[in-house]
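Okay, so here's the structure we're looking at.
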Amino acid sequence: MSERFHLNTPLLESISMSKQLGTTVYLKMENSQPSGSFKIRGIGHFCQQLARQSRGVVCSSGGNAGMAAAFVARKMGLPATVVVPSSTSQLVVRRLQDQGATVRIVGKVWDDANAEALRLAETEELTFVPPFDHPLLWEGHASLIVEAAASLGPGVKPGAVLLSVGGGGLLCGVIHGLKDVGWMDVPIIAMETVGADCFNAAIKAGKVVTLVDITSEATCLGAKTVCQRAFEYSQSSELTIISELVTDQEALHAIQMFLDEERVLVEMACGAALAAVYSGLIPRLQNQGRLPTPLGPLLVIVCGGSSVNMEQLSSLKQKLGS
Ligand SMILES: COC[C@H](NCc1c(COP(=O)(O)O)cnc(C)c1O)C(=O)O
């Protein structure tokens with residue numbers, strides 16, 4: 001049995017969100033993972049399977065996949081290099097270095113950093129750790145749904161699952177988990193911010209497309225192209241995936257509401273998902289008949305993320321004017 005790096009995170013009931021939505025809202029607290037986000041589930045599994053005999057790992061990331069790769073590599077006694085774009089905050093760069101990683105800042109967006117990471121893997125014979133597009137990542141992420149099902153107990157099934165989308169790895173992992181526990185009929189509300197909306201753009205175009213740029217402050221969602229498997233799932237008649245967008249202002253408002261109500265500080269990538277509750281989207285989807293009324297318990301994936309502290313929060317409030 002290979003060593004696990006992730007924790008079985010708390011599944012907390014949000015009294016305030018439950019009151020607001022008129023249904024029980026459960027929070028899967030992936031922010032409490034040792035690397036700061038859910039990423040450790042898939043990246044830990046990937047490294048256990050493919051990096052045990054490796055000279056080291058190299059990961060491209062908006063930041064949080066890199067945090068997971070750095071943490072896991074340290075635990076496995078492997079050197080780690082993380083390649084991030086210049087949009088990654090100095091706070092995350094420092095946190096990556098504190099985890100023992102060598103950090104390279106390449107290009108403006110994640111896609112540029114990814115090209116460099118692939119080159120490094122080749123030239124320095126390192127194991128390349130993808131941030132979202134690999135079946136082993138999705139197998140690892142699936143554990144969060146299996147844990148949630150165990151916490152809810154037999155006979156309790158969510159009315160919907162709420163999550164955010166960057167490159168689509170979390171979405172694919174959650175779908176793997178829904179299959180594992182027999183919840184394939186549970187609708188998934190897949191949230192992105194305007195300006196980091198590659199999944200929504202692909203659905204609108206009817207094919208995977210590449211955004212011209214990432215213009216959202218939620219840079220940890222900043223993949224310009226969603227992974228093919230996520231798009232394929234969006235086209236499947238077996239699944240209900242509701243793709244919605246929120247503005248950066250709505251994501252920031254959600255971060256502040258969550259801090260006040262749940263006493264937990266999360267980053268913009270996570271605020272994108274939480275904004276579905278705080279911005280009134282859920283009842284709008286119910287009024288449109290896209291979610292049932294009454295709605296069963298809502299399972300919110302609080303994905304976490306390291307790109308936030310009080311200083312970052314203040315600068316976001318200045319930049320976004322709220
Ligand atoms: C460019 O970045 C992709 C990835 N972050 C993705 C991410 C997501 C979305 O996960 P995904 O859809 O990429 O698997 C959600 N919540 C948080 C806190 C995240 O950091 C990364 O860190 O390399």
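Numbering (UniProt numbering), first residue to last: 1 to 322. All C-beta atoms in this analysis are idealised placements derived from N, C-alpha and C, irrespective of residue type, glycine included. Treat the numbers as computed from the prediction; the structure is a model and nothing was measured.
Item                                                                                                                                                       : Value
If you draw a straight line from the alpha carbon of residue 153 to that of residue 146, how long is it in whole angstroms?                                : 11 Å
Is it buried or exposed, residue 81, if we count other Cβ atoms within 10 angstroms and call 16 or more buried?                                            : buried
I'd like the list of long-range same chain contacts for residue 99, defined as Cβ closer than 7 Å, with 5 residues on each side in sequence excluded.      : 67, 70, 71 and 74
Specify the secondary structure class of residue 39 as computed by DSSP and reduced to three states.                                                       : helix
Please classify residue 31: is it buried, with 16 or more other beta-carbons within 10 angstroms of its beta-carbon, or exposed?                           : buried
When burial is assigned at 16 or more other CB atoms within 10 Å of the CB, is residue 8 buried or exposed?                                                : exposed
At a threshold of 8 Å, does residue 267 count as lining ligand 1 (C-beta to nearest heavy atom)?                                                           : yes
Check whether the Cβ of residue 171 lies closer than 8 Å to any heavy atom of ligand 1, and answer yes or no.                                              : yes
Hey, residue 174 and residue 156: beta-carbon distance below 9 Å or not?                                                                                   : no
Which ranges would you report for the beta strand (DSSP E) in the region 82-139 if only whole runs of at least 3 residues count?                           : 102-105 and 127-129
Between the alpha carbons of residue 76 and residue 129, how many angstroms are there, rounded?                                                            : 14 Å
Does residue 15 pass the burial test, meaning 16 or more other C-beta atoms within 10 Å, or should it be called exposed?                                   : exposed
Are the region 169-188 and the region 201-214 touching, with three or more C-beta to C-beta distances below 8 Å?                                           : no
Give me the residue from 144, 136 and 25 with the minimum Cα distance to residue 49.                                                                       : 136
Would a C-beta distance cut-off of 9 Å place residue 33 and residue 271 closer than the cut-off?                                                           : no
Nearer than 8 Å: is that true of the beta carbon of residue 287 relative to any heavy atom of ligand 3?                                                    : In terms of ligand content, the structure shown lacks ligand 3 and carries ligand 1 instead.
With a threshold of 16 other CB atoms inside 10 Å of the CB of residue 127, please say whether the residue is buried or exposed.                           : buried
Please identify the residue among 111, 54, 151 and 255 whose C-alpha is closest to the C-alpha of residue 246.                                             : 255
Decide yes or no for the touch test of the region 16-25 against the region 37-55: beta carbon pairs closer than 8 Å, at least 3 of them.                   : no
Does DSSP put residue 178 in a helix, a strand or coil?                                                                                                    : helix
DSSP has residue 29 in a bridge; who is on the other side?                                                                                                 : 302
Suppose you measure from the CA of residue 11 to the CA of residue 301; what does that come to, to the nearest Å?                                          : 10 Å
In the structure shown, what three-state DSSP assignment does residue 188 receive?                                                                         : strand
According to the neighbour-count rule (16 or more other Cβ atoms, all chains shown, within 10 Å of its Cβ), is residue 1 buried or exposed?                : In this prediction, residue 1 scores a pLDDT of 46, lower than 50, which makes its location untrustworthy; no coordinate-derived value is stated.
Under a Cβ-count criterion, where at least 16 other Cβ atoms within 10 Å of its own Cβ denotes burial, should residue 314 be classed as buried or exposed? : exposed
Would you kindly check if the distance between the Cβ of residue 281 and the Cβ of residue 268 is under 9 Å?                                               : no
Can you pull the DSSP bridge partners for residue 57?                                                                                                      : 80 and 127
Within 8 Å: the Cβ of residue 47 and any heavy atom of ligand 1?                                                                                           : no
Which ranges would you report for the beta strand (DSSP E) in the region 178-249 if only whole runs of at least 3 residues count?                          : 188-193 and 241-246
Tell me whether residue 223, by its Cβ, gets closer than 8 Å to a heavy atom of ligand 1.                                                                  : yes
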